[in-house]
Every structure is written in C-alpha cells, then in structure tokens.
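Residue numbers (the working numbering): 33 to 420. Ideal placement from N, C-alpha and C gives every residue a C-beta, glycine not left out. Quantities reported herein were computed from a predicted structural model and do not represent experimental measurements. The next block holds one structure in the form of structure tokens; read it before the comments.
Structure below.
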C-alpha cells in the first residue's frame, strides 16, 4: 500500500513535543523522517537515565536518528548536503537561532533547495512584541489565557494538565505543511511555514471570549471550574457518582428533555426557570443540584450507559491509569505496544489521523542517539556529528 507521504524526506531538528509530534504524524504516514540531534541529544533525553524517556519514545517512533554538530563546519556541510535532497525541514528553535548557525532559510537554505518547505514552530511567532521570549507549554498557557480560564473562581489560575499548547502547535504545523505541499504541487516552489503555540491557543478561548464580549466585561467569571466557560449551558458539569465522577452536557433542548425523562422529573419541563437553555444557564446551580442528587448514588459507567443509550452526551471521568489501558483506544490502535531497545515493552500513541488508503502498518522504536549516522551520513561522520 502506498502511503500518503511516501517518498518525502523530512529533516527534523525539533525537540520536546511541538515539532516532534508534527513529524511523528508525517512518519506514520510514510515520510522518511530524519531526526537531527546535537551530540548531546534532544533535551528530553535528560529526563531518564536510559536517554529514552517515555515522552521521547512516544513522539519519535518511526524516525531515523542522526547526530550533527551544527556549530561545526563539518556538521554544517553534512547538514546542507541533506537539505539539498529534502522536501521538508522542521525546527522549533527560538527565532534567530538558525540565522546565527548560518542556516537561515532565505539566505542559505532556499538557495540550496528552492523546493524546500521550511517549517518553523515557535512559542510566540517570528514577529510581535513577544517574539524573543523563550517559551514552553507552561508559559504559553499562562500568557495565552488558558491558565486564567482553568480552575475555580476562588482559586489561583491553573494550567491545563496536558501539553495543549505544544500539541495544538504541532497539529497546526502539520496542517500548514500540508497546505505548502499542495501549493508546491502547482507551483514547484517551496516556502516558509510558521506556526506559534500562542496563535494556535487563541481560538480555543471561544467560550471565555463569548462571556467577555456578550456579557458584562466588568463583571464576569474567568474561571468556572467544570461549568461551561461562558456559563451559557446547563447541565454542563462534572457530577459525583457512587464510584467517582461523570461528565454530562445537554447541548440541545432534545438532550434536556431526554435527561428529564431519565430522571423521571416531567415537572421540570413546566418550570419557567428551566424552559430553555438561556433560563437554565441563569439557574446553573439549581440545575446542577438536581442532576447531582440523581447521579450520586449510581456508579459512573451505569450513568453513562443510561444517558448515552438515550442519546445524552456523557462520559466517566477516567484516571490516567485507566486511560492508559482504555479498551477503546487500544481497539482503535491509539495505544500500541512495541519493543524498545532501551526500555523493553512500551506503549506509544498511534496516529489519530485515519486514512482509508494510507494505513499505519508498522511501528519502529524511537532511535537511540546517533543510531542511523552511518546509514544516513555514511562513515565520514562520527557519533559526535563531526567529520572523521
């Protein structure tokens, strides 16, 4: 089976999550992704004595791994030779690093390979007042409004647990590369693709922004706990169950009527304060109390089966340990177990992108540091990335 990106060569200079997740998805769908690390390796390698922490193994599956010292002339020459035949280059250095290395896209790389698609993933972008701020997922969540909208009104701001800024940045970068590839098919020319985590986060604030712009801008809640961010929907919350918690939302009037039927509370349909979504949102606490009184004596999966069986959106709140063994994710091959030379059996993520004519049919473990130097560079470059 021909894969969607088969035949494309990707040079991956990125580290940690944002860029590596983008290139992981390209590797899964057939691209030859060559991860280019410094002789010290991706900074993620420092998180485990094996130099293969779980996060590194997760995001670098199906890639080749080489080491090059891009600060040395020999390493730079070897890299430029790779650039000449590459289709895509991905990096997530802070702005200006590639220029200081003598590897600027406009001045050097584009001239070496006019068809090259140069993808740069940054925290805050190549322009703007924040351009030169060093940034990671935590700092971008902070400045991007995620922390202010997460948690409860009477508590300090809280980061989202998952690396949402990194992964949103990575998926947007993949989309940008896809657009550039499509345009290259028509024009024959490569181009620069730029995505910042900060930019990618902004559209996720739709509900908090609606609360700001559609309500009283001087009197609104930034943090609403598990309630709707704009306090504009009810029921919309996490409710206590006999053995944990369950999330329930009524997005439509039909959902509300179905829930009322399950609760065996037809009287609720006659109450003026619950007549539509606007009035229910104005009486959120009352709605939540009614739902909680019903859920608290029932097991979470029983609640979910009752509600989803009738068409009401609901799900149990699962622990990370439960998610790590989720039967649904396993069946959909989002959780895949492979052998890694440094870690043994390890679970990695599959591809969330399912293509009917380009299936992911194999998983190769993330490379050891410099594992493919000889295969990719020949025997002229040693493990430190310099000519011998």
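Return the residue from the list 404, 115, 397, 317 that minimises the CA-CA distance to residue 376. 397
Which complete alpha helix (DSSP H) runs does the segment 114-175 hold, if anything under 4 residues is left out? 129-132, 169-175
On a CA-only basis, which of 63, 142, 282 is nearest residue 264? Give me that one, please. Distance check between residue 264 and each of 63, 142, 282 places 282 closest, using alpha-carbon atoms only.
How long is the line joining the alpha carbons of residue 274 and residue 330, rounded to whole angstroms? 5 Å
Would you list the one or two residues that DSSP bridges to residue 66? Paired residues: 43, 96.
Leaving out the 5 sequence neighbours to the left and right, which residues in its chain are closer than 6 Å to residue 56 when beta-carbon positions are compared? 91
Beta-carbon separation of residue 228 and residue 208 under 8 Å? no
Given a cut-off of 8 Å on the beta-carbon distance, is the pair residue 148 and residue 102 in contact? no
Going by the DSSP bridge assignment, what does residue 369 pair with across the sheet? 379
Is residue 234 helix, strand or coil when you go by DSSP? helix
What's the C-alpha gap between residue 41 and residue 333? 46 Å
Judging by CA-CA distance, which residue of 62, 106, 277 is the nearest neighbour of residue 325? Considering only alpha carbons, the answer is 277.
According to the neighbour-count rule (16 or more other Cβ atoms, all chains shown, within 10 Å of its Cβ), is residue 353 buried or exposed? exposed
Given this structure, state the Cα-to-Cα distance separating residue 51 from residue 345, to the nearest angstrom. Between residue 51 and residue 345, the C-alpha separation is close to 34 Å.
Test item: CB-CB of residue 309 and residue 237 under 8 Å: no
What did DSSP end up calling residue 347 once you bin it into helix, strand or coil? strand
At the level of alpha carbons, what is the spacing between residue 47 and residue 100? 14 Å
Please report the distance separating the alpha-carbon of residue 150 from that of residue 406. Taking the straight line joining both Cα atoms gives about 25 Å.
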